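Colleague: Residue numbering for the sequence shown follows numbering that gives the first Met the number 0, starting at 0 and increasing by one per position. Idealized CB from N, CA, C, for every residue including glycine. Predicted model, so just to flag it, every value in this text is computed and none were measured. Before I ask anything, here is the structure I am working with.
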Amino acid sequence: MSQVRSAFNKASSHYDEHAFLQKEIAARLDAKLDVISGKSNVILDLGSGTGLLGKQLSKRFPDSQLICLDFAQASLNNNPSKNKLCADAYHLPLADNSVDIVVSSLMMQWCPDLKQLFSEIHRVLKNNGLILFSTFGPDTLKELKKSWSVVDNDTHVNTFTDMHDIGDQMLGAGFQSPVMEMEKLTLTYQTVTDLLRDLKAIGAQTVSTRSKSLMGKDKFQLMIKMYESYRQDGKLPATYEVIYGHAWKRTSVVGKIDISNN
0 MSQVRSAFNK ASSHYDEHAF LQKEIAARLD AKLDVISGKS NVILDLGSGT GLLGKQLSKR
60 FPDSQLICLD FAQASLNNNP SKNKLCADAY HLPLADNSVD IVVSSLMMQW CPDLKQLFSE
120 IHRVLKNNGL ILFSTFGPDT LKELKKSWSV VDNDTHVNTF TDMHDIGDQM LGAGFQSPVM
180 EMEKLTLTYQ TVTDLLRDLK AIGAQTVSTR SKSLMGKDKF QLMIKMYESY RQDGKLPATY
240 EVIYGHAWKR TSVVGKIDIS NN
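Structure representation (structure tokens):
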């Protein structure tokens, strides 16, 4: 996680300039609150980064307390929100049953322990509280993954969790009847290098941290050659599988039997 934190800290100053997809997904996530949110006093923007989602939440809920939480301090420094917390999503510095809505856009793919994450979110949510999130699914950057797979067996691209497995983890944490949706969005680039530069600029570079010289220029060029096979209408596609999910924290009420004597 320290490498991920470092990457986002480095990218924070120019993140918004390259975060076209992230802005679009944040807007789509916010729009889902049109039909599923109620009155909310306290809202947590989990993995808030520079505030792409938080800016929209503050407009939607002007009278609510919005807490923007992220583990990358430099990202928070570029977040205009008044209430900011630098903390780990696995250990939220918030009281039990204290938050009405937890909203998280494109953060969960960086959390390998979803069981711990959802348990912690469940803990801080009030009864009947809502969790709403977006994350990336397994088909994200599939062209890049397949191009690298021809070169070697190393992991060059982050792996992402299937939405059914995410739903199971939510159920295991105590959330009721999670609703999962998926859509695929495609960005296009002139060159593979442009794609890699974009990924690095938003702190989401591929897993491999080795330089081109260490991995071998031949391997890198072969990967680019394989990626070129996907070129359509003069552009190279980069597929993103976007997963949306929401659920409520419900507390089961067990009926009591009155056995007292009348």
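Would you mind reading off the limits of the alpha helix (DSSP H) that contains A25?
Modeller: Per DSSP, A25 belongs to the alpha helix (DSSP H) from 19 to 30.
Colleague: Taking only the alpha-carbon atoms, compute the straight-line gap between V156 and H163 and give it to the nearest angstrom.
Modeller: Going from the Cα of V156 to the Cα of H163 covers about 21 Å.
Colleague: With the cut-off set at 8 Å, would you say K125 and V98 are in Cβ contact?
Modeller: Cβ atoms of K125 and V98: closer than 8 Å.
Colleague: State whether the segment 32 to 42 contacts the segment 58 to 73, with contact taken as three or more CB pairs (one from each stretch) at a distance under 8 Å.
Modeller: Output reads yes: the segment 58 to 73 touches the segment 32 to 42.
Colleague: Determine the extent of the alpha helix (DSSP H) in which I120 is found, giving its start and end residues.
Modeller: Residues 113 to 123.
Colleague: Just to check my reading of the structure: G136 and I242 have Cβ atoms closer than 8 Å, yes? What is that Cβ distance to the nearest angstrom?
Modeller: Contact holds; Cβ gap of about 5 Å.
Colleague: Among N77, Q72, S36, which one has its Cα closest to the Cα of K54?
Modeller: The candidate whose alpha carbon is nearest that of K54 is N77.
Colleague: Hey, which unbroken runs of the alpha helix (DSSP H) at 4 residues or more fall wholly within the segment 68 to 118?
Modeller: Listed in chain order, they are 72 to 76.
Colleague: Classify F19 as buried or exposed, calling it buried when 16 or more other Cβ atoms lie within 10 Å of its own Cβ.
Modeller: Counting Cβ neighbours within 10 Å, F19 comes out exposed, since fewer than 16 surround it.
Colleague: Taking its Cβ as the centre, do 16 or more other Cβ atoms sit within 10 Å of Y239, making it buried, or is it exposed?
Modeller: Y239 comes out buried.
Colleague: Are T134 and Q168 touching if we call contact CB-CB under 8 Å?
Modeller: No, these two residues do not count as a Cβ contact at 8 Å.
Colleague: Work out the CA separation of F219 and D197 for me, nearest whole Å.
Modeller: So the two alpha carbons sit approximately 17 Å from each other.
Colleague: Using the C-alpha atoms, what's the distance from I223 back to E180?
Modeller: Approximately 32 Å between the Cα atoms of the pair.
Colleague: Tell me whether H245 sits in a helix, a strand or coil according to DSSP, three-state version.
Modeller: Reduced to three states, the DSSP call for H245 is strand.
Colleague: Does the distance from the CB of L131 to the CB of L65 come in under 8 Å?
Modeller: No, the Cβ-Cβ distance between L131 and L65 is not below 8 Å.
Colleague: Taking 7 Å as the limit between beta carbons, can you name the residues of its chain near V150, skipping five residues before and five after?
Modeller: If we look at V150 and ignore the five residues flanking it on each side, its Cβ neighbours are K218, L221, M222.
Colleague: Classify E227 as buried or exposed, calling it buried when 16 or more other Cβ atoms lie within 10 Å of its own Cβ.
Modeller: Result: exposed.
Colleague: Can you tell me whether G171 is helix, strand or coil according to DSSP?
Modeller: Helix at G171.
Colleague: Could you name the residues of the same chain whose beta carbon sits closer than 6 Å to that of R122, not counting the 5 residues immediately before and after it, in chain order?
Modeller: These residues qualify, in order along the chain: D95.
Colleague: Which residue from K114, L91, S103 puts its Cα closest to that of L51?
Modeller: Nearest of K114, L91, S103 to L51, Cα basis: S103.
Colleague: Under the DSSP definition of a beta bridge, which residues are partnered with Q231?
Modeller: Note: Q231 sits in a beta bridge opposite K234.
Colleague: Counting C-beta neighbours from all protein chains within 10 Å, is the total for Q21 16 or more, i.e. buried, or is it exposed?
Modeller: It is buried - the Cβ of Q21 has at least 16 other Cβ atoms within 10 Å.
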